[in-house]
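Take the position in the sequence shown, starting the count at 1, then add 2; the result is the number in this note's numbering.
See below for the structure under consideration.
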Amino acid sequence: MDFGNDEGSCNVEDRRGMGGIGLGAGGIGLGGLVILIIGYFLGVDPSQLLNMAQQAEVQQPQATAPARSGPVTDELGRFVAQVLGSTERVWGEEFRQRGSEYRQPHLVLYDGSTPSACGMGRAAMGPFYCPNDERVYLDLAFFRDLRTRFHAPGDFPDAYVIAHEVGHHVQKLMGTFDRVERARGRVSQAEMNQASVRLELQADCYAGVWANHAGMQAHITDQDIDNGLTAAAAIGDDRLQRQSQGYVVPESFTHGSSQQRVRWFKRGIESGRAEDCNTFSTRAL
Ligand SMILES: [Zn+2]
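Written out as structure tokens, the structure reads:
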């Protein structure tokens, strides 16, 4: 993919090199490892984030940190800004057609850790979206892992990650997060996990909708799409669980299986219509 001379979005907050709290030389313990695996690639389990968001309301942490102003100029930062700008155009148009306005999310680039209105963001969590401050949090080291650990080649998987997180923002604007949150406490943990899977698969589908509309302008090729699908398959809960613990527990899934992730991402790519992403009204995911 290639955005040419596109300037990209001005909603990127660059907090890299701002002295966040690193994980330290001691490495991460077992608990950290579990978070690493659950949180990997498509952010933290959204129900966990909503929990964090509730706690944050009580604690009132500092929601913003100082950021460099002006456009990001390094290659990777610029690419991120271009992808974000592309999602703004696609969703802006989508919301306009529905007679409403798209409120653009911000995207925070950071390294190590940074405060968010959902608690402390840490690189080990993977990219995540915080509904409380409507920001996507992204540590670019993650993109390196995407290539080395998950063997997802090219830059399209990076764009897919951003578009997926923006998909969560779309869910916030459409009230989907709220509907899921209202069920908390009234349903079992297995059912909450199921709702989380549906949220994640819908965000995958929304990422596909973005790719469909961005295709021409961003010069997305068939090879890019293949790379994106490889990435989607690599981060299915079943594959991650098999890698980490040797067996698979479907009830504990929070993001969906490899096959499901590929299917919903593909559906969005092929249809380009957000209404075809209704993972909540289907029995067969
Ligand atoms: Zn997600």
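Beta carbons are placed, not taken as given, at the ideal position from N, Cα and C, and that holds for glycine.
Model, not experiment: these values are computed from the prediction.
In this structure, does DSSP put residue i in helix, strand or coil?
i	result
Ala297	Lying before the first or after the last residue shown, residue 297 is absent from the chain, which here runs from 3 to 287.
Gly41	In this prediction, Gly41 has a pLDDT of 43, which is less than 50 and means its spatial position is unreliable; nothing more can be read from the coordinates.
Pro252	helix
Gln56	In this predicted model, Gln56 has a pLDDT of only 46, less than 50, meaning its place in the structure is not dependable enough to derive any value.
Gly6	coil
Leu287	coil
Cys132	strand
Val110	strand
Pro159	helix
His257	coil
Ile30	With a pLDDT of only 37 at Ile30, under 50, the local geometry of the prediction cannot be trusted, and the value read off the model is given with reservation. Residue state, collapsed to three classes: coil.
Glu272	helix
Met176	helix
Gln219	coil
Ser11	coil
Gly210	helix
Met194	helix
I'd like the span of the beta strand (DSSP E) that includes residue i, first residue to last.
i	result
Tyr104	From DSSP, Tyr104 is part of no beta strand (DSSP E); its letter is neither H nor E.
Gly124	The amino acid at residue 124 is misidentified as Gly; the sequence shows Arg. Per DSSP, Arg124 belongs to the beta strand (DSSP E) from Gly121 to Arg124.
Val138	Arg137 to Asp141
Thr281	Element bounds for Thr281: n/a, residue is neither H nor E.
Asp16	Val14 to Asp16
Ser118	Ser115 to Ser118
Measuring alpha carbon to alpha carbon, tell me which residue in the options is nearest residue i.
i	options	result
Val264	Pro73, Glu202 and Phe282	Glu202
Gln191	Thr256, Gly248 and His108	Thr256
Cys120	Trp212, Asp135, Ala276 and Arg100	Asp135
Arg149	Gly10, Leu242 and Asn229	Asn229
Pro117	Leu140, Glu95, Gln99 and Arg100	Leu140
Arg91	Glu167, Gln219, Met20 and Arg124	Gln219
Leu281	Leu175, Ala197, Ser115 and Gln225	Going by the sequence as given, residue 281 is Thr instead of Leu. Comparing Cα-Cα distances from Thr281 to each of Leu175, Ala197, Ser115 and Gln225, the minimum goes to Ala197.
Asp16	Asp4, Ala83, Phe5 and Met3	Ala83
Leu111	Pro133, Val138, Arg100 and Gly87	Val138
Does the beta-carbon of residue i, which I'm using as the reference point, lie nearer than 8 Å to any heavy atom of ligand 1?
i	result
Ala205	yes
Tyr162	no
Tyr208	no
Leu288	The requested residue 288 does not occur in the structure, where the chain is confined to residues 3 to 287.
Glu136	no
His171	no
Glu167	yes
Tyr131	yes
His257	yes
Spatial neighbours of residue i within its chain, please: C-beta separation below 8 Å, excluding the five flanking residues on both sides.
i	result
Gln262	Val199, Leu203, Gly238 and Leu287
Leu231	Val264, Phe267 and Lys268
Glu272	Gly210 and Asn214
Gly258	Val199, Glu202, Leu203, Asp206, Gly238, Asp239, Trp266 and Leu287
Ala143	Asp113 and Ala125
Gly26	With a pLDDT of only 35 at Gly26, under the threshold of 50, the placement of this residue in the model should not be trusted; the figure read from the coordinates follows. Counting only Cβ-Cβ distances below 8 Å, and skipping sequence neighbours, we find nothing.
On the DSSP letters alone, give me the boundaries of the alpha helix (DSSP H) that residue i sits inside.
i	result
Gly187	Looking at the DSSP string, Gly187 is not in any alpha helix (DSSP H), and its letter there is neither H nor E.
Asp228	Asp224 to Ala236
Asp240	Asp239 to Gln247
Gln99	Glu77 to Gln99
Less than 7 Å between C-beta atoms, sequence neighbours within five positions excluded: which residues of the same chain meet that for residue i?
i	result
Phe97	Glu103 and Tyr104
Can you give me the Cβ contacts of residue i inside the same chain, cut-off strictly under 6 Å, excluding the 5 residues immediately before and after it?
i	result
Asn7	none
Glu9	none
Gln173	Phe179
Pro155	Asn229
Leu78	Leu142
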